[in-house]
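Yeah, the sequence shown ends on 213 if you go by this note's numbering, and it's all consecutive.
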Amino acid sequence: MSTVLEEQLGYFFFDKRILTRALTRKAYALEQRQKNEHCDDQEIYRTLGDAVLKTVLTELLIRAGSDTRQDITTRKIELEREENLARISQAIGIGYVLKLGIGEKQQRAYDQPYVLAESLEAVIGGIYFDGGFSAARETIRRLFKDVFPIE
């Protein structure tokens, strides 16, 4: 199932454990730990992915002609909006492969914009961790191709 996600991303993980962790919500990981099973969640990758996303979007905006701090900030905020990240996440099918806790499944968290947005950030962080900055940058360019046409 995650192979389909990797195809949509245009990035194939060298270490599939990184992708699994990026797709594992905290509630699921806590439930596994209660069963005395080791399970890492996506939180640290979300933090990393958020920072990488901000950096790459800033660079792409400058390359696209934004030439003031205010313009970059305004446009970046729009691009990073939860609804926008959730839309991208839905388009590539992240919701279908998330590892959710029991309560999250019951609440259909795989459709919730904040869950989809956070999970996209986690996947971006995972790509950075797995393949480095250039891999993450190229993936973000592809994900935002409607905004930044690939030359």
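Yeah, the Cβ is synthetic: ideal placement off N, Cα and C, and Gly gets one too.
Item: Paired residues, beta bridge with K116 - DSSP; Value: In DSSP, K116 forms no bridge with anything.
Item: Cβ neighbour criterion (16 or more within 10 Å) applied to K97; Value: exposed
Item: contact_flag[the stretch 85-100, the stretch 113-133] where n(CB pairs < 8 Å) is 3 or more; Value: no
Item: Those residues which DSSP pairs with T86 across a bridge; Value: K161
Item: Where F173 sits in the DSSP three-state scheme; Value: Note on identity: in this sequence residue 173 is Asp, with Phe being the wrong assignment. In the structure shown, D173 sits in a helix (DSSP, three-state: H, G or I).
Item: Inter-residue CB distance, A197 and I189 (contact presumed, cutoff 8 Å); Value: 5 Å
Item: Proximity to E144 [Cα-Cα], best of Y158, I164, L182 and Q169; Value: L182
Item: Inter-stretch contact at 8 Å, needing at least 3 Cβ pairs: the stretch 76-86 / the stretch 101-112; Value: yes
Item: Residue environment, G165, which counts as buried when at least 16 other CB atoms sit within 10 Å; Value: exposed
Item: Proximity winner among T136, R125, L147 and D77, relative to G111 (alpha-carbon distances); Value: L147
Item: Cβ shell of I30 (< 8 Å), same chain only, five flanking positions each side left out; Value: For residue 30 there is no data in the structure shown, the boundaries of the chain being 63 and 213.
Item: Residue interval of the alpha helix (DSSP H) (run including Q70); Value: S64 to L71
Item: Three-state secondary structure (DSSP) of N98; Value: coil
Item: Alpha-carbon spacing of G193 relative to T201, whole angstroms; Value: 11 Å
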